[in-house]
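In what follows, a single structure is set out as structure tokens and then discussed.
4 protein chains.
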Amino acid sequence: MPASDPVRSDIAWSSADTVVVHGKNLCEEVLGTVNLGDFAYLELFGRLPDPDQSVVFNALVVALVEHGLTPSALVTRLTHLGAPESLQGAVAAGLLGLGTTFVGTMEGAARYCAEAAATDTAWRTDDAALEKVADGIVASFLDRRAAVPGIGHPVHKPLDPRAEKLFAIARGHGIDPANERLVRAVRVAAEARTGKVLPVNVTGAIGAVATAMEVPLHVVRGLGVMARAIGLVGHLVEEGNQPVAGHIWREAEERATRR
Amino acid sequence: MPASDPVRSDIAWSSADTVVVHGKNLCEEVLGTVNLGDFAYLELFGRLPDPDQSVVFNALVVALVEHGLTPSALVTRLTHLGAPESLQGAVAAGLLGLGTTFVGTMEGAARYCAEAAATDTAWRTDDAALEKVADGIVASFLDRRAAVPGIGHPVHKPLDPRAEKLFAIARGHGIDPANERLVRAVRVAAEARTGKVLPVNVTGAIGAVATAMEVPLHVVRGLGVMARAIGLVGHLVEEGNQPVAGHIWREAEERATRR
Amino acid sequence: MPASDPVRSDIAWSSADTVVVHGKNLCEEVLGTVNLGDFAYLELFGRLPDPDQSVVFNALVVALVEHGLTPSALVTRLTHLGAPESLQGAVAAGLLGLGTTFVGTMEGAARYCAEAAATDTAWRTDDAALEKVADGIVASFLDRRAAVPGIGHPVHKPLDPRAEKLFAIARGHGIDPANERLVRAVRVAAEARTGKVLPVNVTGAIGAVATAMEVPLHVVRGLGVMARAIGLVGHLVEEGNQPVAGHIWREAEERATRR
Amino acid sequence: MPASDPVRSDIAWSSADTVVVHGKNLCEEVLGTVNLGDFAYLELFGRLPDPDQSVVFNALVVALVEHGLTPSALVTRLTHLGAPESLQGAVAAGLLGLGTTFVGTMEGAARYCAEAAATDTAWRTDDAALEKVADGIVASFLDRRAAVPGIGHPVHKPLDPRAEKLFAIARGHGIDPANERLVRAVRVAAEARTGKVLPVNVTGAIGAVATAMEVPLHVVRGLGVMARAIGLVGHLVEEGNQPVAGHIWREAEERATRR
């Protein structure tokens, strides 16, 4: 094949006694010293994080791993009920629900942060400009009767403690706080326009910080996917010890077809 | 509902200002200090690893993240070609190939380590017993013309550097080396019976060490699933910059239907 | 590429004005005259069914399409809740539960029919031999404390009307009734050994008739997969008009984390 | 539970000796007389098709079953390579690629047919209005540099024989031809604006006819999902006899990592 073969991947290669991933010798430079979150960073960025980036990136992904008995967790458990031999199938099924409803809000927050940065940067330093940009974002959602991504939570009011913690970690480790300020301004604008209490939630914080760390917009959802794969394995461990899927199924079936 | 409600999960709970996962206050005890691999350990074991366990567990999972352009990576890229809007679908599709052929060998090695420990323990201290147990394991596979899990590699000969490194890390961090000795004895017995060069490979090392760390047998495959979810997101990043799926498809289609 | 190119598929080919599938001109010989079940038969066997085979095969697959609010249907609906933009993801998630628990019983019945035919055929004509083979099958499951596939039902007692109907259709259309007799003998043997009422169920009838029609054992599960894909689309239609997934999730979450 | 229980499904119910699906007695009114395509229609519409609807609906879905070695077929085969024990996983993986790229064009054609009908109906009877509506549709895609759905094909020029056949079947069985005329007018407008040869393709015909049959827009993709599930089982049958996945993988891996 010619050097210009279009079927080419530069992520990994190996010889008899060496494995290299993203330019790192796996055995000499990675195993035993690089934690899983840092290796995930390497997969996304092609380089290892510096110590500050490591702390922030690990925190972002860790915050996404476990959200309790979500629809995804129920799906993984119900799939395991039918195909206990296929752990990968149960986890894959759970991941398929990470679409616009849940993970989409993280992506939505990342998108308005990225778009605000792309079209104008005055808001990064000027409070009046910030308010105007934030209000424009809010209006664009409310005008089409859509929820504003990244704000609001049924339980965590008036503040989502995870969002506050993630912002504090990011600030403490050198991440540009402009996106944090933007999401907080979006909150203020949305509360003013709706009269509701709409705390910046964990997806808003992750969208803002991930974008500040230059995670590409189309990969933001990937943070949720990699994190939740871990959490769903955890749910299968609990389902093995304390099964709920059978109960949920039988009750739903009985209720659904009652005559 | 009564206290005995069978629909119950003890993984996580939250109040307005607190989120608790496996008994840890997420904001105060986890975010900013616990890396992703340690959090995965928490999900599997319900407790955080000690520093030695952290190093070994992170190494095991990191070693599984990236194996180049595997069938799973091809599947994720080809699925993205058809449904670029659904990153979760592309990753889920790739995970579905983590079955008996690839991840099964890790599980197979873990299984014979676990079974050997369950039926007899003399081999843990007695070399003659070790040889006998190992030879029995090898015979049980060869008798049904099956490959012995955890040994052999097309490229990494006479040693798989990842296996050697993982064993060294495990020994250096207090993991009981009995399973390592068992897998190495399996190698010797298999080479004696077959005349082939059959190094302990990375899946053999992971199966052995994970079992020594008390990862339950039915969850061993989960280490591969969580790791590979990360790697598959990485492949989507590269596919975005350097696409190969379209080429592979068009060439395969043209070759397949040539008349 | 040489004529011996291993990347080859003979299912379909096309030119500017012709599409051929399994040797049939799609536009001239298929569209408008071949129904979906017959086309599925063509996909599996490489030839169209004769009129008798058409009736029986369509009945087998139709019987598998819809079983109410099963775990698979719940999974599809819960996945849709999170990713309403990805209908294919919701259906795929539901299919992932078609494993050993549910579809496996159909496969199990097909397997003992196929194995009985492979090892001995006296039972096909001799009643005493039939009883002995059936009792051996039952014993092989009960000895390892497994359920005997293809018999027993929580609701349909003393007969599963679907099984009876499928057997009648098969007999009426020239399918060899030997497997029906075998499954019925398995029922008798199992009831004798357990003292329970264990009607031949729909999966037993399908496994028996599909095997009599020479559906390969490893493809039997495929009948369930293709049928259920249709049923799961139907559940998404109802979920759109009469949503249940959100209720099931919220109730489960509330119950699960009650303190 | 109260009569107003929100967890309710009216698709199916059963008693000891009866199974009812969408109001039909499965054993008395369905099995043995209703083919798979008609049963799929019942799942979507809640009623059986009349004889004309039966012919057209079966033809639409049959036309979607098999498109050769598509990315979905490759994905199913590659997934089978890694997890041969899980037929349902291999099919599910293949379905996950039925997103915007491929099935989306069918949905796109259905959408502009549905939108044209919703905003104005003069085009259904007036040729000048038809041309204007069609040109507006074409312009709306070209203005954002998007391909116009439902037209164009790399091989089937100047006509896609499947589209022509499906339209002929639809006309011959009483389906309102207004959407056919609209898609043909879209073709003319697109060719005029681009100078390219852009035949109405099979997805355009299916989108147009399905919409004329009142398949809801959000379910149009479901026709492709149910059809392709059948086709992917067919590819697994061929992969069992004539495997290609291993070759494609090994060649891709070797080419990709050549140094």
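Residue numbers (full-length UniProt numbering), protein chains in the order written: chain A, 1 to 259; chain B, 1 to 259; chain C, 1 to 259; chain D, 1 to 259.
Glycine included, each C-beta is placed from N, C-alpha and C at the ideal position.
- Counting of Cβ neighbours within 10 angstroms places residue 254 of chain B among the exposed residues, the total staying below 16.
- CA-CA distance, residue 104 of chain B to residue 38 of chain A, rounds to 27 Å.
- The segment 159–227 of chain D is shown to contain whole alpha helix (DSSP H) runs of 4 or more residues at 161–172, 178–194 and 202–212, in chain order.
- Contact with chain A is found for residue 256 of chain D, since one of that chain's Cβ atoms lies less than 8 Å from the residue's Cβ.
- Short of 7 Å from the beta carbon of residue 157 of chain C, and not among the five residues preceding or following it, lie these beta carbons of its own chain, in chain order: 197 and 199.
- For residue 180 of chain A, the number of other beta carbons within 10 angstroms of its own is at least 16, and it is reported as buried.
- Residue 94 of chain C sits away from residue 86 of chain A, with the two beta carbons spaced by 8 Å or more.
- Between residue 73 of chain C and residue 218 of chain C, the CB-CB gap reaches or exceeds 8 Å.
- Any Cβ of chain A closer than 8 Å to the Cβ of residue 79 of chain B would place that residue at the interface, and such an atom is absent.
- Residues of the segment 63–89 of chain B with a C-beta less than 8 Å from any C-beta of chain C: 83, 85, 86, 88 and 89, listed in chain order.
- Here residue 83 of chain A carries a coil assignment [DSSP, helix/strand/coil].
- CA-CA distance, residue 49 of chain C to residue 153 of chain A, rounds to 57 Å.
- Interface annotation for the segment 243–255 of chain B against chain D: 244, 245, 248, 249, 252 and 253, criterion Cβ-Cβ distance under 8 Å.
- The C-alpha of residue 161 of chain D lies about 59 Å from the C-alpha of residue 192 of chain A.
- Within chain C, the residues 252, 255 and 256 have their CB atoms less than 7 Å from the CB of residue 7 of chain B, given in chain order.
- Against chain A, the beta carbon of residue 110 of chain B has no neighbour under 9 Å; the closest one sits roughly 13 Å away.
- Residue B:80 holds the alpha-carbon nearest to the alpha-carbon of residue 243 of chain B among B:80, B:92, B:119 and B:64.
- Between residue 123 of chain D and residue 114 of chain D, the beta carbon gap of about 13 Å keeps them out of contact (Cβ cut-off 8 Å).
- For residue 39 of chain A, not one C-beta of chain C is nearer than 8 Å to its own C-beta.
- DSSP, read as helix, strand or coil, puts residue 151 of chain A in strand.
- For residue 25 of chain C, DSSP records a beta bridge to C:20.
- In the DSSP assignment, residue 140 of chain C falls within the unbroken alpha helix (DSSP H) covering 127–143.
- Contact between the segment 204–224 of chain D and the segment 169–179 of chain D is present: three or more C-beta pairs spanning the two stretches fall below 8 Å.
- A direct Cα-to-Cα measurement between residue 111 of chain A and residue 57 of chain D gives close to 41 Å.
- Out of B:60, B:257 and B:238, the CA that lies nearest to the CA of residue 256 of chain D is found in B:238.
- An exposed status is given to residue 155 of chain A, since fewer than 16 other beta-carbon atoms sit within 10 Å of its beta-carbon.
- Not one beta carbon of chain B lies nearer than 8 Å to the beta carbon of residue 192 of chain A.
- Residues of chain C whose Cβ lies closer than 8 Å to the Cβ of residue 101 of chain A are, in chain order, 81, 82, 83 and 84.
- Residue-level contact by beta carbon holds for residue 98 of chain B and chain D, with a gap shorter than 8 Å.
- With respect to chain B, the C-beta atom of residue 157 of chain A has a partner C-beta closer than 8 Å.
- Here the C-alpha atom of residue 117 of chain B lies approximately 21 Å from the C-alpha atom of residue 53 of chain B.
- Contact annotation for residue 16 of chain C against chain D: 155, 156 and 157 [CB-CB distance below 8 Å, chain order].
- With contacts defined as CB atoms closer than 8 Å, residue 109 of chain B and residue 204 of chain B qualify as a contacting pair.
- Residue 93 of chain B has a beta carbon lying within less than 8 Å of a beta carbon in chain D.
- For residue 65 of chain C, same chain residues with a beta-carbon under 6 Å away, outside a window of 5 residues either side, are 227, 230 and 231 in chain order.
- Straight-line spacing of the CA atoms in residue 77 of chain C and residue 223 of chain D works out to 17 Å.
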